[in-house]
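Just below is one structure, and these are the notes that go with it.
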Amino acid sequence: FGAKGFIGVVVAISLVREIGPVFTGLMVAGRVGSGIAAEIGSMKVTEQIDAIRVMGANPVKRLVVPKLIATIVALPLLTVIADILGILGGLLITVTEFQVTTSYYLTSIMERISLQDVASGIGKTFFFGLIIALVGCYQGMTTHGGTVGVGRATTSTVVICSILILICDFLLTKLFLML
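Going by the working numbering, the sequence shown wraps up at 695, each residue one higher than the last.
In structure tokens, the structure reads:
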């Protein structure tokens with residue numbers, strides 16, 4: 517149907533705007549969010565957080581803030597890597613299966629993708645990182661019931677983060693499309 521020329525553009529825009537940020541956010545929520553909840557939850561049930569308070573330190577400053585900064589910084593970087601690898605994967609398939617030249621694929625992307633596309637995708641990841649860190653820390657800090665509670669907090673973190681990331685993506689996409 518003559519749509520070969522649009523493959524690169526469709527791949528790049530869908531990856532940069534939606535697939536890259538959302539999938540990366542969901543993977544990080546599953547791996548990092550659950551790890552944050554498990555770590556802080558274990559500290560909570562073994563009363564290590566109470567010990568931090570007794571020593572006069574603020575557990576939020578010591579435990580939450582570093583994790584918050586780390587996820588907000590790391591998630592955009594991971595998303596850029598995912599976007600690049602996805603576009604290169606699309607290039608490989610397009611060149612081998614559809615006989616489109618590499619230069620045509622890359623040129624079509626460079627001509628049609630805008631800075632707003634890239635900024636909207638990367639911008640979402642800051643919010644996703646915030647969600648992952650805050651939900652993981654909250655679930656960890658409110659853990660009770662021993663190791664069973666830690667398991668529940670970990671599972672809850674992944675489920676809540678996944679739902680919030682999808683809702684946040686929907687709302688941010690609507691917002692970015694209005695701009």
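The C-beta atom is built at its ideal place from N, Cα and C for all residues, glycine as well.
Where residue i falls: helix, strand or coil (DSSP)
i	result
Val616	coil
Leu695	coil
Ala669	helix
Thr659	coil
Gly518	coil
Ser630	coil
Met543	helix
Met571	coil
Thr689	helix
Thr562	coil
CA-to-CA distance, residue j to residue i, given in whole angstroms
i	j	result
Leu579	Ile648	14 Å
Gly546	Gln632	28 Å
Asn574	Tyr654	15 Å
His660	Val666	7 Å
Ser558	Leu593	29 Å
Pro582	Phe686	28 Å
Leu650	Thr562	21 Å
Ile683	Lys577	28 Å
Ala669	Lys690	31 Å
Phe692	Gly639	10 Å
Met623	Gly551	A quick correction: the sequence has Thr, not Met, at residue 623. Spanning the two alpha carbons is a distance of roughly 41 Å.
Gly606	Leu688	26 Å
Ile600	Thr671	31 Å
Glu627	Phe522	11 Å
Gly572	Leu584	22 Å
Counted within 10 angstroms of its Cβ, other Cβ atoms place residue i as buried (16 or more) or exposed
i	result
Thr618	exposed
Pro537	buried
Lys560	buried
Ser630	exposed
Arg533	buried
Ala528	buried
Val544	buried
Leu542	buried
Thr612	exposed
Inter-residue CB distance, residue i and residue j (contact presumed, cutoff 8 Å)
i	j	result
Gly524	Ile625	5 Å
Val616	Lys520	5 Å
Met657	Ile556	6 Å
Ile535	Gly602	7 Å
Ala586	Thr673	Ala586 to Thr673, Cβ: 16 Å. No contact.
Residue nearest to residue i in terms of C-alpha spacing, selected from the options
i	options	result
Val675	Lys520, Val548, Val527, Phe522	Val548
Ala635	Leu695, Phe522, Arg668, Ile585	Leu695
Ile681	Gln564, Ser672, Val664, Phe643	Phe643
Ser530	Ile588, Gly637, Met657, Thr671	Gly637
Leu608	Tyr621, Val596, Asp599, Ile552	Tyr621
Val596	Cys677, Phe539, Met571	Phe539
Val526	Val570, Thr610, Ile565	Thr610
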